[in-house]
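For the sequence shown, our numbering gives the first residue as 449, with consecutive numbering after it.
Working notes, beginning with the structure itself.
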Amino acid sequence: MDFRFTPEQEAFRQEFIAWLDGYLEKAGDTSRFRATDTGEAWGQAHKSFQKALFDAGYAGLQYPEVYGGKGKSLAEEIVVQQTVAEQCMELRIPGVITFGMAAPTILLCGTEAQKQTYLPRIMDGTHIWCQGFSEPNAGSDVVNVATSAVKDNGHYVVNGQKVWTSFAHMADYCILLVRTDPDGKKHKGLSYLLMDMKLPGIEVRPITQITGHPEFNEVFMEDVRVPVDMRVGEEGDGWRIAITTLMFERTVGDATMAAAFMGNLKAMIDMAKQTKRSGRPVIEDPVFRQQLARAYIDIMVLKYHGYRNLSQLFAGGIPGAEGSIGKLLWSEPNQRITEDALSMQGPLGQILGGSPWAIQEGIWQFGFLRSKGNTIEAGTSEIQRNIIGERVLGLPKDTSRMARQQ
Ligand SMILES: Cc1cc2nc3c(=O)[nH]c(=O)nc-3n(C[C@H](O)[C@H](O)[C@H](O)COP(=O)(O)OP(=O)(O)OC[C@H]3O[C@@H](n4cnc5c(N)ncnc54)[C@H](O)[C@@H]3O)c2cc1C
């Protein structure tokens, strides 16, 4: 299989690179350290960037025009996403749930009215979405969701708590998994809602992460009235739709993630050239050279795994359980790569961003600490291995989990 861009796609890529260079120059601040600014400014930077992409005709390339897209192919979307990821991933991050989960789920499972209302506002950067699945007693076993939604006069009255909700503090809407039937079998009693985050009764409390910055939140809901027409699919169909969302989460980002890591690797090689250990540039140390080579191999494996998944999407399929392989291929290497970067810095590895002595604005210290969550978010490594075992290899089911779901 030939994964190279066609001459037309390459010409489009060059055109987009020129546009992006111009945008970043005009925007002025191209600091990679922006990722540590988790406040309003980060959300606004993402929205302005998405609006600029939309106005220039580079947003939602593979989405139908009637929903604010460009009606082009997924290949062109990949060109844009990869280029953005390599050059300014930090501007894209607040939108990863919006584009990776909310948009494809609404397109595939939403009503016509939902598609017409929400997709154009995703494409033009008006709305950021968050994902309200996890709860204090529902993480890997998301089927245990207890947040209740009771029908009342054209609305669902929602009560409960979500946790680890990334970007809830900057989100306009939430894809929300709720329990509409407390008596039915666990996965049958779930429904999937689109919730306006400005509704009365919603309280968002940021949680500070190991990085020192709050990127995710607790979300409390007390008698929140969500209109019934904000339900995706039938009542009780929430489990099937949530699985669709998670499949998109686990698959479509791999090739893009590889491009972002490639941008990081270039920065790491620069650092290895400029930083000295025991009086010698790091780049001359055979152990660190091995680490750089290993990082490159890890990134190439992720990239071509991502392309394999994409070729399945091009052929019209929806992502499958193989997405779990990609999750492992980015999360575990990212922990290794950021740890290697810190060891290259030696004693300076202890200095965080903000200090005049920080190397490369402290991006590796932030990346190292942030990477600890990589093997938990979007499904833990253990759960991904269970999925691969059961659904790719056909091994017997994990009975411990089934027992807990009774
Ligand atoms: C940075 C970050 C961002 C996140 N963002 C979001 C978000 O936006 N929205 C959202 O809904 N959630 C989000 N999450 C939550 C995430 O999806 C959960 O943390 C994850 O699914 C694990 O659930 P848990 O934390 O409840 O751990 P548990 O499910 O309690 O797991 C605890 C440990 O037990 C292991 N384990 C559990 N079951 C099994 C099993 N059957 N076999 C083997 N091992 C098992 C796990 O691997 C883990 O090591 C985020 C998490 C992080 C870290």
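Think of the CB as a built atom: it goes at the ideal place given N, C-alpha and C, for glycine as much as any other residue.
#1: Quick check on the burial criterion: 16 or more other C-beta atoms within 10 angstroms. Buried or exposed for N601?
#2: Using a Cβ-based criterion (distance less than 7 Å to any ligand heavy atom), does I589 qualify as near ligand 1?
#3: Should E560 be labelled buried (16 or more other beta-carbon atoms within 10 Å of its own) or exposed?
#4: Quick one: which unbroken beta strand (DSSP E) runs of 3-plus residues sit fully inside the region 607-678? Chain order, please.
#5: State the Cα-Cα distance for the pair S772 and G487, rounded to the nearest angstrom.
#6: Hey, how far is the Cα of T531 from the Cα of E463?
#7: Mapping DSSP to helix, strand and coil, what is H753?
#8: Going residue by residue through the region 740-825, where are the continuous alpha helix (DSSP H) segments of at least 4 residues, counting only ones entirely within it?
#9: In chain order, what residues of the same chain have a beta carbon less than 6 Å from the beta carbon of W778, not counting five sequence neighbours either side?
#10: Taking E683 as the reference, give the member of Y752, K599, E666 and Y515 with the closest Cα.
#11: In the DSSP output, what is G580 paired with across the bridge?
#12: Using a 10 Å radius around the Cβ and a threshold of 16 neighbouring Cβ atoms, would you call D503 buried or exposed?
#13: Within 10 Å of its beta-carbon, does F762 have 16 or more other beta-carbons around it, so buried, or fewer, so exposed?
#14: Which residue from A703, M719, N607 and T565 puts its Cα closest to that of L522?
#15: Using C-beta distances below 6 Å, list every residue in its chain close to I831, excluding the 5 sequence neighbours before and after it, in chain order.
#16: Using only the alpha-carbon positions, how far apart do L642 and M571 sit?
#17: Nearest to M710 by CA position, among S582, L472 and P781, is which residue?
#18: Under 8 Å between the Cβ atoms of V680 and T553?
#19: Under 7 Å: does the beta carbon of T692 sit that close to some heavy atom of ligand 1?
#20: Ignore the nearest five residues each way along the sequence and tell me which others in N712's own chain have a CB closer than 6 Å to its CB.
#21: What number of angstroms, rounded off, separates the C-alpha of P455 from the C-alpha of F497?
#22: Between the region 729-745 and the region 603-618, do three or more beta carbon pairs fall short of 8 Å?
#23: With distances taken from CA atoms, which of V527, E513 and P662 is nearest A459?
#24: For ligand 1, is there any heavy atom lying closer than 7 Å to the beta carbon of D846?
#25: Does the separation of the CB atoms of Q609 and E663 fall below 8 Å?
#26: Put V593 into one of helix, strand or coil per three-state DSSP.
#27: Which residue comes first and which comes last in the alpha helix (DSSP H) that contains S829?
#28: Inspect the CB distances between the region 578-598 and the region 507-520 and report whether three or more fall short of 8 Å.
#29: Which of helix, strand or coil does DSSP assign to D600?
#30: If we ignore side chains and look at the alpha-carbon of each, how far apart do D788 and I717 end up?
#31: My assumption, with CB atoms under 8 Å, is that R669 sits in contact with I650. Please give the rounded CB distance.
#32: So, helix, strand or coil for K518, using DSSP?
#33: Going along the chain, which residues of its own chain have a beta-carbon closer than 8 Å to the beta-carbon of L539, five neighbours each way excluded?
Considering the structure as presented:
#1: exposed
#2: According to the sequence shown, residue 589 is Asp rather than Ile. True, at least one ligand heavy atom lies under 7 Å from that Cβ.
#3: exposed
#4: 621-627, 638-644, 650-656 and 662-675
#5: 31 Å
#6: 11 Å
#7: helix
#8: 771-793 and 811-819
#9: M705 and L750
#10: K599
#11: L624
#12: exposed
#13: exposed
#14: A703
#15: S588
#16: 17 Å
#17: P781
#18: yes
#19: no
#20: none
#21: 27 Å
#22: no
#23: V527
#24: yes
#25: no
#26: coil
#27: S829 to I835
#28: no
#29: strand
#30: 12 Å
#31: The displayed chain sequence assigns Met, not Arg, to residue 669. The Cβ separation is near 6 Å, so the contact holds.
#32: coil
#33: R482, A493, H494, F497 and V532
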